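Here the structure is laid out as structure tokens; the discussion comes afterwards.
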Amino acid sequence: MEKVMSNKWIIALYVLPSLLLIVAIIYLPIVLTGYYGLMEWDGISPMAFIGLDNYATLMRDEKFWSSVNHSFLFAVLSTVFLIVYMSVALVLSGNIRGANLFRKIYLIPMLLSSVAIAQLWLKIYHPTTGILNDLLTTFGVKETPDWLADPAIVLGALFVPILWQYAGFYILIYYAAFKSIPASLIEAARIDGASPWQIAVRIKVPLISEVIKVTIVLAVVGSLKYFDLIYVMTDGGPNGASEVMASYMYHKAFRGFEFGYGSAIGFFLLLICLVATWVIRRLTATKDTIQYS
Amino acid sequence: MTTAETAIKRRKNPASRSIGGGIVYGLLYVVLILASVLQILPLVWLFFFSLKNSQEVFELPPFALPSKPRWENYESVWSQGNISKYFFNSVWITVVSVILTILLASLVTFAMTRMRWKLRPFVLGLFMVGMMIPVHSTLIPLFNLFQKLHLTDNQANLVLSYTAFNLPITIMILLGFYYALPREVEEAAVMDGCGVNRVFFQIVLPMTASVIVTAAIINMIYNWNEFIFVNTFISSDHLKTLTVGVQNFVGQYTTNWGAVGATLMISILPILLAFLLLSNRIVEGIAAGSVKG
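Listed in order, the protein sequences are those of chains V and E.
In terms of this note's numbering, the first sequence is numbered consecutively and its last residue is 437.
In terms of this note's numbering, the second sequence is numbered consecutively and its last residue is 314.
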């Protein structure tokens with residue numbers, strides 16, 4: 145058994161194809177992103193080494209920093225909304241009739257492509273014929289806003305479909321976590337006279353702290369690299385008011401042909417995502433993880 | 022997850038025991054129903070305007086169907102332009118990538134959980150960290166890499182990218198299941214003189230059928246909806262997939278909302294259908310794929 149199961153050739157045969165694939169498609173490119181970031185390069189003519197110039201320019205690039213701000217705004221908002229999702233999941237997990245159906249319905253938007261969602265919401269936000277302004281007009285609003293063309297409200301308008309898309313995902317994760325808490329623990333607390341509110345805040349939420357950590361990472365990192373919906377709905381506009389890190393990188397590289405500069409942004413994005421993950425994990429690290437299953 | 026859910030027996034809801042509790046329960050219910058209506062309403066609206074002509078879209082109330090639903094919108098959209106082409110591109114790219122990912126991930130997971138070798142923790146780490154890398158940071162080097170290999174504007178680059186980026190999460194979903202598989206069966210098989218390949222293909226792989234279905238669905242949803250790789254790596258119109266194709270196609274129609282609606286409905290129907298048939302698997306897969314991170 146031992147001998148059969150430690151056959152080097154078979155192990156190589158099973159693991160190497162996948163390993164080569166992720167090295168070629170994931171790891172080699174991130175190393176190259178860092179390397180290209182040191183170059184002046186338009187994608188066609190030969191690269192010229194310019195050291196950290198791109199990064200120095202990046203630090204002074206106001207458009208870049210405003211895109212960073214927008215990304216972080218999305219990250220903060222997404223994290224705050226986790227509390228709402230957790231509350232919904234808490235209610236759903238409390239033996240509500242039809243809980244299963246509810247969480248499935250909530251999940252539907254997450255399964256659709258960002259392009260379809262973006263196109264649908266473009267129609268919803270359409271300034272003259274969209275359903276939203278239609279509704280406002282029937283309520284007597286005279287001056288209906290142009291949701292995606294107004295720099296003051298465009299970020300908020302983009303955040304709504306993002307919420308709509310991902311709500312079900314987080315509710316599902318929290319629901320599954322709450323459901324995996326053994327009933328005996330809750331029963332014991334009830335016998336000790338704890339109110340439903342106390343049980344929720346003092347017992348259920350702390351018990352799923354590991355899952356909460358994971359969802360915070362997902363929400364923050366997901367927001368920092370958000371791209372598809374914004375690219376389709378506003379393309380970063382009007383005048384950069386909804387530009388985020390990934391869209392700014394895309395514009396610089398594939399529209400402006402500044403591949404070196406784009407790579408510097410890409411590398412920055414990578415670092416920020418990794419650092420954010422690390423920081424959140426450190427900040428929320430619990431000394432002893434709770435074992436109950 | 023599901024076993025835990027069924028293990029918790031349904032109890033009479035404690036909140037419904039008193040009148041005050043009944044009101045709270047009722048209010049919560051109203052909120053839950055309202056939220057699910059909000060989650061589906063935009064899709065219902067999309068479906069309704071896909072059955073109208075432009076005049077009806079603007080004149081009829083948003084949630085009114087025309088007296089005669091215009092199914093011909095679907096027909097004309099399907100036969101015009103490249104929608105059917107995009108559709109079948111999406112189908113084959115999704116199917117091939119899913120099969121490749123599942124096969125490679127199964128081989129890796131088998132070697133990780135069943136075979137003995139020194140570099141195992143390191144290699145597993147490489148696969149798991151791959152999950153945290155934002156695809157945008159790899160975009161410029163990948164584009165350049167594919168260009169050098171003469172693979173831009175070739176759908177093979179999509180299959181390779183989808184497979185590489187889906188391997189980590191697929192391996193993660195499979196890992197838990199593999200750890201729980203009993204070893205006795207394969208030990209007996211090895212005693213009887215089975216080689217590793219036969220143990221894997223004839224014994225272990227069939228035993229993992231259920232988790233493979235779950236992982237395959239998650240992969241399918243991801244690949245079907247993928248946007249940025251197709252948008253960046255594919256320039257010929259006839260090679261595009263549905264997400265990007267739809268984006269360009271819809272862009273031509275600024276006024277024909279019926280056509281836009283029908284196009285978007287066609288692009289999301291396969292996923293909605295999969296959801297109706299396999300919602301339990303989808304819910305299970307999404308929960309499994311996220312919580313363990």
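Where a beta carbon is used, it is the ideal one built from N, C-alpha and C, also for glycine.
In this text the structure is predicted, and so the values were computed from the model without any measurement.
### Task
Can you say whether Lys89 (chain E) is buried or exposed, counting buried as having 16 or more other CB atoms within 10 angstroms of its CB?
Exposed.
### Query
Under 9 Å between C-beta atoms, does Ala36 (chain E) make it to chain V?
Bear in mind that the predicted position of Ala36 (chain E) carries a pLDDT of just 45, short of 50, making it too unreliable to give a figure here.
### Task
Using the DSSP secondary-structure output, state which residues sit across from Phe193 (chain V) in a beta bridge.
According to DSSP, Phe193 (chain V) bridges with V:Met183.
### Task
Could you name the residues of chain E that Ser189 (chain V) contacts, counting a contact when the two beta carbons are closer than 8 Å?
What Ser189 (chain V) touches in chain E, judged by beta-carbon distance under 8 Å, is nothing: the nearest beta carbon there is about 13 Å away.
### Query
If Phe313 (chain V) sits next to Met254 (chain V), beta carbons under 8 Å apart, how far is it from one beta carbon to the other, in whole angstroms?
About 5 Å separates the two Cβ atoms, so the contact holds.
### Sequence-distant residues of the same chain with beta carbon closer than 6 Å to Val316 (chain E), five excluded per side
There is simply no residue 316 (chain E) to check, as chain E begins at 22 and stops at 314 in what is shown.
#### Entry: Partners in chain V for Phe186 (chain E), counting only beta-carbon separations shorter than 9 Å
Among the residues of chain V, those whose CB is under 9 Å from the CB of Phe186 (chain E) are Ile166, Ile169, Ile170, following chain order.
### Message
Please state whether the Cβ-Cβ distance between Pro155 (chain E) and Leu368 (chain V) is less than 9 Å.
### Response
Yes.
### Closest by C-alpha distance to Trp278 (chain E), when choosing among V:Leu256, V:Trp265, V:Glu206
Ranking the options by Cα distance to Trp278 (chain E), first place goes to V:Trp265.
### Query
Buried or exposed: where does Arg247 (chain V) fall if 16 or more other Cβ atoms within 10 Å of its Cβ makes it buried?
So Arg247 (chain V) counts as buried.
### Query
Leu128 (chain E) touches chain V at which residues, Cβ-Cβ below 9 Å?
The answer, in chain order, is Leu157, Tyr158, Val159, Pro161, Ser162.
### Message
When you compare the region 169-181 of chain E with the region 190-209 of chain V, are there three or more beta-carbon pairs, one atom per stretch, that lie closer than 8 Å?
### Response
Remark: fewer than three beta-carbon pairs, one from each stretch, lie closer than 8 Å, so the region 169-181 of chain E and the region 190-209 of chain V are not flagged as touching.
### Query
Does Asn218 (chain E) get closer than 9 Å to chain B when you measure Cβ to Cβ?
As a matter of chain content, chain B is missing from the structure shown, whose protein chains are V and E.
### Task
Figure out for me which residue from V:Tyr318, V:Ser391, V:Val365, V:Gly366 has the closest Cα to the Cα of Met377 (chain V).
The shortest C-alpha separation from Met377 (chain V) is found at V:Ser391.
### Task
Decide if Thr276 (chain E) is buried, meaning its Cβ has at least 16 other Cβ atoms within 10 Å, or exposed.
Exposed: under 16 other Cβ atoms inside 10 Å.
### Message
So Phe411 (chain V) contacts chain E; which residues on that side make the cut at Cβ distance below 7 Å?
### Response
Per Cβ cutoff of 7 Å: Ser158.
#### Entry: Best match in V:Val175, V:Ile416, V:Pro161 for proximity to Leu160 (chain E) [C-alpha to C-alpha]
For the residues V:Val175, V:Ile416, V:Pro161, the minimum Cα distance to Leu160 (chain E) belongs to V:Val175.
### Message
Counting only C-beta atoms, is Phe109 (chain E) closer than 9 Å to chain V at any point?
### Response
No, because no Cβ of chain V sits closer than 9 Å to the Cβ of Phe109 (chain E).
### Query
Short check: CB of Leu67 (chain E) to CB of Leu285 (chain E), under 9 Å?
Closer than 9 Å, so yes.
### Contacts around Ala262 (chain V), its chain only, beta-carbon distance under 6 Å, and the 5 residues preceding and following it disregarded
Sequence-distant partners of Ala262 (chain V) (beyond 5 residues in either direction) whose C-beta falls short of 6 Å from its own C-beta, in its chain, are Leu373, Val376, Met377.
### Query
Any Cβ of chain V within less than 9 Å of the Cβ of Ala308 (chain E)?
By this cut-off, Ala308 (chain E) is an interface position.
### Task
Determine, using beta-carbon pairs with one atom in the region 82-97 of chain E and one in the region 284-297 of chain V, whether at least three such pairs fall under 8 Å.
Contact between the region 82-97 of chain E and the region 284-297 of chain V is absent, because fewer than three Cβ pairs lie under 8 Å.
### Task
Kindly indicate which residue of V:Thr282, V:Cys417, V:Ser257, V:Leu427 has the alpha-carbon position closest to the one of Glu354 (chain V).
Glu354 (chain V) has its Cα closest to that of V:Leu427, out of V:Thr282, V:Cys417, V:Ser257, V:Leu427.
### Query
First and last residue of the alpha helix (DSSP H) that includes Gly43 (chain E)?
Gly43 (chain E): member of the alpha helix (DSSP H) spanning 40-70, first to last residue.
### Whether Ile238 (chain E) touches Leu299 (chain E) by CB criterion (9 Å)
In this structure, Leu299 (chain E) lies closer than 9 Å to Ile238 (chain E) by Cβ.
### Message
To be precise: take each residue of the region 237-269 of chain E, compare its Cβ to all Cβ atoms of chain V, and keep it if any distance is under 9 Å. Which residues remain?
### Response
Flagged, chain order: Ile242, Trp245, Asn246, Glu247, Phe248, Ile249, Asn252, Thr253, Leu263, Thr264, Val265, Val267, Gln268.
### Query
Does the beta-carbon of Gly306 (chain E) have 16 or more other beta-carbons within 10 angstroms, so that it is buried, or is it exposed?
Buried: at least 16 other Cβ atoms inside 10 Å.
### Per-residue contacts from Asp278 (chain V) into chain E (C-beta, under 9 Å)
Within chain E, the residues near Asp278 (chain V) are Pro82, Pro83.
### Query
Can you give the Cα-Cα distance for Gly49 (chain E) and Val235 (chain V), rounded to whole angstroms?
It should be noted that the sequence gives Leu, not Gly, for residue 49 (chain E). Pairing Leu49 (chain E) with Val235 (chain V), the inter-Cα distance amounts to about 8 Å.
#### Entry: Environment of Ala301 (chain V) [buried if 16+ CB atoms lie within 10 Å]
Per the 10 Å Cβ criterion, buried.
### Task
Spatial neighbours of His259 (chain E) within its chain, please: CB distance less than 7 Å, with the 5 preceding and 5 following residues excluded, ordered by chain position.
Within the same chain, His259 (chain E) has close Cβ partners Asn103, Lys106.
#### Entry: Ser266 (chain E) (DSSP reduced to helix, strand or coil)
Per the sequence shown, the amino acid found at residue 266 (chain E) is Gly instead of Ser. Helix.
### Message
Can you give me the C-alpha to C-alpha distance between Ala219 (chain V) and Ser100 (chain E), rounded to a whole angstrom?
### Response
About 42 Å.
### Query
Given that a residue counts as buried once 16 or more other Cβ atoms are within 10 Å of its Cβ, and exposed if not, what is Gly197 (chain E)?
The Cβ neighbour count for Gly197 (chain E), taken over all protein chains shown within 10 Å, is under 16; the residue is labelled exposed.
### Message
Any beta carbon from chain E within less than 9 Å of Ile154 (chain V)'s own beta carbon?
### Response
Flagged as an interface residue toward chain E: Ile154 (chain V), by a C-beta distance shorter than 9 Å.
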